[in-house]
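Q: For the sequence shown, this note's numbering gives the first residue as 3, with consecutive numbering after it. Just so it is clear, CB atoms sit at the ideal spot from N, CA and C, and this is done for glycine as well. So that we are looking at the same thing, I have put the structure below in structure tokens.
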Amino acid sequence: MKKLFFILTLIFSAGITAQEIRVSGVVTDDSNATLPGTTIMIKGIAKGTTSDIEGKYTITAKIGDILQFSYVGLETKSVKITGSTLNITLTGSGETLQNIVIMGSRNPTRTVTESAVPIDVISMKEIASQGAQTNLNQILNMVAPSFTSNTTTVADGTDHIDPAQLRGLGPDQVLVLINGKRRHTSSLVNINGSPGRGAVGTDLNSIPAFAIEKIEVLRDGASAQYGSDAIAGVININMKKDTKKLEINLFGGSHFSKNANDHTGGNDGNNIQIDLNYGTNLGKEKSFINITASAQLRGQTSRAKEVKGNLFNRYNAVEERARIAGVNINSLYANTLNTTPGFYNGLLNTINTYAQQVSYFDATTKTAIQTAASNGNLSGMRTLLGVDATTDELAFRGLVRNDFNMRVGQSSLQSSQFFVNAAYPLTDKLELYAFGGNSYRTGEAAGFYRRPNQSRSYTGLYPNGFLPEIHSTINDISAAAGLRGIIFENWNFDLSNTFGRNAFDYGVENTVNASLRENSPTEFDAGGLAFSQNTTNFDMNRKFGDLNVAFGAEYRNENYSIGAGQPESYNLYDINGNVALPGVTPANLIVTDFFGSIRGNGSQVFPGFRPTNAIDKGRNSTAIYGDLEYDVTEKWLLNGAVRFENYSDFGNTTNFKVASRYKLTDNINLRGAVSTGFRAPSLHQINFNATATQFVGGVPFEVSTFSNDSPAAQALGIPQLKQEESKSASIGFTAKIPEGNITLTADAYIVRIDDRVTLTDQFSRPSGTFADGTPQRELQQQFDLAGANAATFFANAISTESKGIDIIITHKLNLGAIVIKSDLATTFSQTRQVGAIKGSPTLVANGQINRYFSEMSRVYLEEAIPRVKGNLTNSFTYKKFDFFLRNVYFGQVTDPNTADVNGDGRVEGAIINGLAVEIEHPIWGAKIITDLSVGFKITETTKVVIGANNIFDIYPDVNLGTQTAKRANGVDTNGNVTYAANATTIDLSNANQFAYSRNTSQFGQNGRFLFARLSLSF
């Protein structure tokens, strides 16, 4: 009988060991607080769940399986299942980067500290409630030292979409994923003066930050795993899931700064935002839906100083007296070359009539004007009326100089965002998931003030000149859906399709097409840009003991288009209202101002895209890839990946990666990786083109950014764009001191990129007459064939080498009711051009090689963003209070402009590629920005936070003002730089408008921001 009982017991035990049971429990920390969002995985297979808002979880597993529990900032714990109830307490380890990640490895159970490559995991829970930043770019700029995002001002479209960079590489050399799926890029290519010039990045601000659970930042080349763009690394954004609550976030703040409102003080840049997030299940275990809605109103900031220089001349005074009397003097002429008797009698006599009414003109001046009118002396009248009259005319009109200031600072915007993330298990082995959203933003930024005494202004419509505005409309949509689960018994699979589209439409307001004069609209549709991407993926992976095998395939289709604006936004019109054509329309039919200067074409500040610029181009790519990860021993991990990709427009590329990690001890790991990578030239860089009209000697010429595949590019010897190729290596270590709850990671890297795509400076047609067969004549003929007088292109012009080191130290101290967390993260990086510039033989022969990659472009690439950056973050929690303190160190940057920085009377030059180039740049010093906030939990569902970003109201170094200096102008026979005999004026501040550099800034120029946040959860 005993023997039978023993056999039955053995059979029963084996049965329950083999069968799956429901395991449930509660996850808490060492202060007995529940831990919602804890990741629970069954070790060895890709099966897991997360704890709910009360820290509870349920998972189906087998007796004897190992459950792995991980939570950001706490020690990961592995526990063997012995029954249906398993309650877990996670203790602090100081490891704020410890978490299950899906990046850098296709092993679904790999943690950060086990990874062979450096990965940061940023939990949004504290950031969303404690920090002053509300958009994703600025959040990452403050918390991730290797990430840089620069806000720009007076830079057209770049005012509205901030370029972002990782490890000092380009905005288009970092790949962005959402829930592990490729995110589409922006439709905007940065063509103005800002870091990231010529690059296309991802519009991170189109993703509502309140919808995000955590962000994983892979700081290592990963093209062999993820494809194009992942040269610098990958940013993976994980969206919230089943939070089992409704969260409401009310945010308000403003810049209370000494330099607000054009340095008069007070506050500006008001920011109001409301966020809502709701997560729940869909009536079935493991199902969920999470919905986020966000709305924001952000005001502009103004940081210009009182404008300097001439604003009004005597002609403006005369036309104002006429305007008051109901007469528009500007309507009495169209082109001052047409000097008929009626012209003299009509215009000059009318001018004389109203000149006599200008009270501050002295008797001598009035007499001289009368004489010039009587004699029909146009030249003499121009001389008399061209004299500055700013001071007197300001007084007459009741204006002050600040009325003519530019709007220098952050642009205003209105934003509404919506995002959904959902999943539903169809069976125990098959899950349907979907996510996506829409972001709709409108923004307003201004350009350079058109003063009334300038020909590009038109005082017939704007007597005091005008400040033209760019009104952007950015519409971003995305949608992804897929099936994932288990097939063939134990293979994990994921089949998905992801679509995204970004559209950027330009509206121009408070402006004029001066060649249309009184008939000009004051608002224009200037056209727009659009980019869409559709990606289909199929991935599989399985573990064979200590070996994880993964492979997959991808098909991607992309489309880029440019839409033309309305005709008035780009055309030049003649005096009869007909379209003027360069090289065809006679000079006497071109519209001029009173002084004979030609009035500009198109909408001032941003001329619209022309029908000849409009394009609609697409391409597709296919890829296959494989990934092996093998635990050679308990201490040694080895990972390898390879990817083959074919693009329809430039061919094939194959890339690999090998990474390894070795455990020296239980607390010290060594890791390293080597890889090759690539970045396909974007459709934007291949196809972007824009045209403007430039006047040389009174004759209009076309000036263009030509598409890379255009006949003009072929005529000037610009080769077809090809992929950028990279080689990278990294080595580092992780260390833990369990007794002190301290973790340290340090990773050094080097990245060599060949054939980087750059936007050239402007190449010009040689002036003069040259003999056939000379390089100058050949270039003239090529420009004539291109139909242009000046041109810029995208080209694979240079190669670069980037290297640096990232160091992160984390610490957590738990004293019962008091919890103190500290994180110190720093990055040191350097990027340099290596090798020669790759240029067209004809352009090189004409001495224009430095326009491929100019000194200004070099500074933007190498020195315009901080190469040293660090942050120290401290949080202190006591009962219902929490305190947050963050200090961010932004290293020095170099301004791309040149000036007499050292005050020796000249702008220093050097010989580069046989030509004299100015190399004396201002260097803006390092700064520390301090954020501070205090939070109080009023009830279990209500929390209030007040705080400040940049609490000490720190600004960048003040810009250089007006100076005179001798400029480098050539090379003598002895190979020395020569300088002009006479000094010329340099003014980087643009008449006191750019108090701080507009071309580069470590952290913006808005000053202190005070805020309050009310958080509710139900």
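Looking only at its own chain, which residues have a Cβ that is under 6 Å from the Cβ of E56, when we skip the five neighbours before and after it?
A: Residue numbering aside, residue 56 sits at position 54 when the sequence shown is read from its first letter. Result list for E56: T36, in chain order.
Q: Can you look up G679 in the DSSP assignment and give me helix, strand or coil?
A: In the sequence shown, counting from the first residue as 1, residue 679 sits at position 677. Three-state result, G679: strand.
Q: Measuring only the C-alpha atoms, how far is N337 from R519?
A: As a first step, residue 337 is located in the sequence shown; it is residue number 335 there, counting from the start. As a first step, residue 519 is located in the sequence shown; it is residue number 517 there, counting from the start. Going by the C-alpha atoms only, they are around 12 Å apart.
Q: Got a sec? Which residues, its chain only, sit under 6 Å from G927 by beta carbon, not counting five neighbours each side?
A: As a first step, residue 927 must be located in the sequence shown, where it is residue number 925. For G927, where only same-chain residues beyond five positions count, the Cβ hits under 6 Å are Q894 and D959.
Q: Name the DSSP bridge partner or partners of M241?
A: Walking along the sequence shown from the start, residue 241 turns up at place 239. The partner list for M241 (beta bridge, DSSP) reads I214.
Q: CA-CA distance, S95 and K216?
A: Looking up residue 95 in the sequence shown gives position 93. Looking up residue 216 in the sequence shown gives position 214. Because the pLDDT at S95 is just 41, under 50, the model does not fix this residue reliably, and the value given afterwards should be weighed accordingly. Using only the alpha carbons, I get a separation of about 19 Å.
Q: Do Y562 and N689 have their C-beta atoms within less than 7 Å of each other?
A: Reading the sequence shown from its first residue, position 560 is the one you call residue 562. Reading the sequence shown from its first residue, position 687 is the one you call residue 689. Contact flag set, yes.
Q: Does the distance from the C-beta atom of L1016 to that of V946 stay below 7 Å?
A: The residue given as residue 1016 occupies position 1014 in the sequence shown. The residue given as residue 946 occupies position 944 in the sequence shown. Yes, these two residues count as a Cβ contact at 7 Å.
Q: Output the distance between the C-alpha atoms of A589 and P768, rounded to the nearest integer angstrom.
A: Sequence index remark: in the sequence shown, residue 589 carries index 587 (1-based). Sequence index remark: in the sequence shown, residue 768 carries index 766 (1-based). Looking at the two C-alpha atoms, the distance is approximately 22 Å.
Q: To the nearest angstrom, how far is the alpha carbon of A797 from that of F652?
A: Stepping through the sequence shown from its first residue, residue 797 is reached at position 795. Stepping through the sequence shown from its first residue, residue 652 is reached at position 650. So the two alpha carbons sit approximately 14 Å from each other.
Q: Ignore the nearest five residues each way along the sequence and tell me which others in N137's own chain have a CB closer than 6 Å to its CB.
A: Here residue 137 refers to the residue found at position 135 when the sequence shown is read from its first residue. N207, listed in sequence order.
Q: Spatial neighbours of Y557 within its chain, please: CB distance less than 6 Å, with the 5 preceding and 5 following residues excluded, ordered by chain position.
A: The residue given as residue 557 occupies position 555 in the sequence shown. Excluding sequence neighbours, Y557 sits near T538 and T624.
Q: Does DSSP classify S1003 as helix, strand or coil?
A: Here residue 1003 corresponds to residue number 1001 of the sequence shown, with the count starting at 1. In this structure, S1003 counts as coil in the three-state DSSP scheme.
Q: With which residues is Q70 paired in a DSSP beta bridge?
A: Within the sequence shown, residue 70 is the residue found at index 68, counting from 1. For Q70, which the question treats as bridged, DSSP gives the partners M43 and S80.
Q: Is it the case that the Cβ atoms of T30 and S72 are separated by a distance below 7 Å?
A: Against the sequence shown, residue 30 aligns to sequence position 28. Against the sequence shown, residue 72 aligns to sequence position 70. Against a cut-off of 7 Å, the Cβ pair of S72 and T30 comes out as no contact.
Q: Return the bridge partner residues of I873 from the DSSP annotation.
A: Looking up residue 873 in the sequence shown gives position 871. Correcting the residue type first, residue 873 is Asn in the shown sequence and not Ile. Answer by DSSP bridge pairing, in chain order: A827 and V890.
Q: Quick check: the Cα distance between D425 and S259, rounded to an integer number of angstroms?
A: For this step, residue 425 is matched to residue 423 along the sequence shown. For this step, residue 259 is matched to residue 257 along the sequence shown. The residue you asked about is not Asp; residue 425 is Ala in the sequence shown. Approximately 46 Å between the Cα atoms of the pair.
Q: Answer with buried or exposed for S801, where buried requires no fewer than 16 other C-beta atoms within 10 angstroms of its C-beta.
A: As a working note, residue 801 is residue 799 in the sequence shown. Its Cβ being crowded by 16 or more others within 10 Å, S801 is buried.
Q: Can you tell me where the alpha helix (DSSP H) with S256 in it begins and where it stops?
A: Residue numbering aside, residue 256 sits at position 254 when the sequence shown is read from its first letter. Taken as a continuous stretch (DSSP letters only), S256 belongs to no alpha helix (DSSP H), being part of the beta strand (DSSP E) at K247 to F258.
Q: So if DSSP puts I274 in a beta bridge, which residue, or which two residues, is it bridged to?
A: For the purposes of this step, residue 274 is taken as the residue at position 272 of the sequence shown. Its beta-bridge partners are G254 and L299.
Q: Cutting at 8 Å between CB atoms, please list the residues of its own chain near I953, excluding the five before and the five after it.
A: If you number the sequence shown from 1, residue 953 lands on position 951. Cβ within range, chain order: T932, D933, L934 and R1010.
Q: Nearest by alpha-carbon distance to N404: which of L685, G382 and E308 is it?
A: In the sequence shown, residue 404 corresponds to position 402, counting from 1. The residue with the shortest Cα to Cα distance from N404 is E308.
Q: Would you call the CB atoms of N181 and F526 closer than 7 Å?
A: Translated into positions along the sequence shown, residue 181 becomes position 179. Translated into positions along the sequence shown, residue 526 becomes position 524. No; because the gap between Cβ atoms is not below 7 Å, this pair is not in contact.
Q: May I ask which residues mark the beginning and end of the alpha helix (DSSP H) holding E445?
A: Looking up residue 445 in the sequence shown gives position 443. Here residue 445 turns out to be Gly, not Glu, going by the sequence shown. Per DSSP, G445 belongs to no alpha helix (DSSP H); it is in the beta strand (DSSP E), L432 to A448.
Q: Can you look up R452 in the DSSP assignment and give me helix, strand or coil?
A: Residue 452 sits at position 450 when you count from the first residue of the sequence shown. It is a strand residue.
Q: Give the single residue among G628, F468 and G585 whose Cα lies nearest to the Cα of F540.
A: As a working mapping, residue 540 is identified with position 538 in the sequence shown. Comparing Cα positions, the closest option is G628.
Q: Can you look up P609 in the DSSP assignment and give me helix, strand or coil?
A: Along the sequence shown, one-based indexing puts residue 609 at 607. Looking at P609 - three-state DSSP - the assignment turns out to be coil, as it is neither helix nor strand.
Q: Using 8 Å as the threshold, is the segment 191-204 in touch with the segment 151-163, meaning 3 or more CB pairs across them?
A: Touching, yes, given that three or more Cβ pairs across the two stretches are closer than 8 Å.
Q: Could you tell me which residues DSSP pairs with T393 in its beta bridges?
A: Here residue 393 corresponds to residue number 391 of the sequence shown, with the count starting at 1. The partner list for T393 (beta bridge, DSSP) is empty, contrary to what the question assumes.
Q: Alpha carbon to alpha carbon, how far is L1012 from M126?
A: Position 1010 of the sequence shown, counted from the start, is the residue given in the question as residue 1012. Position 124 of the sequence shown, counted from the start, is the residue given in the question as residue 126. Answer to the nearest angstrom: the Cα atoms are 21 Å apart.
Q: Report the CB separation of P197 from Y862 in whole angstroms; it is logged as a contact under 8 Å.
A: For the purposes of this step, residue 197 is identified with residue 195 of the sequence shown, where counting begins at 1. For the purposes of this step, residue 862 is identified with residue 860 of the sequence shown, where counting begins at 1. Sure, about 6 Å apart at Cβ, within 8 Å.
Q: Check the C-beta distance from F314 over to P454 and give it rounded, since I have them as a contact under 8 Å.
A: The residue labelled residue 314 in the question sits at position 312 within the sequence shown. The residue labelled residue 454 in the question sits at position 452 within the sequence shown. Confirmed, Cβ separation roughly 6 Å.
Q: With DSSP as the reference, label G734 as helix, strand or coil.
A: On the sequence shown, position 732 is the one that residue 734 refers to. When secondary structure is reduced to three states using DSSP, G734 falls in the strand class.
Q: Starting from H813 and walking both ways along the beta strand (DSSP E), at which residues does that stretch end?
A: Position 811 of the sequence shown holds residue 813. Counting along the chain, the beta strand (DSSP E) containing H813 begins and ends at F796 to N816.
Q: Rounded to the nearest angstrom, what separates Y335 and P609 at their Cα positions?
A: Walking along the sequence shown from the start, residue 335 turns up at place 333. Walking along the sequence shown from the start, residue 609 turns up at place 607. Their Cα atoms are separated by approximately 25 Å.
Q: Q716: beta carbon under 6 Å from a heavy atom of the ligand HEM?
A: The model on display carries no ligand, and the ligand HEM is accordingly not part of it.
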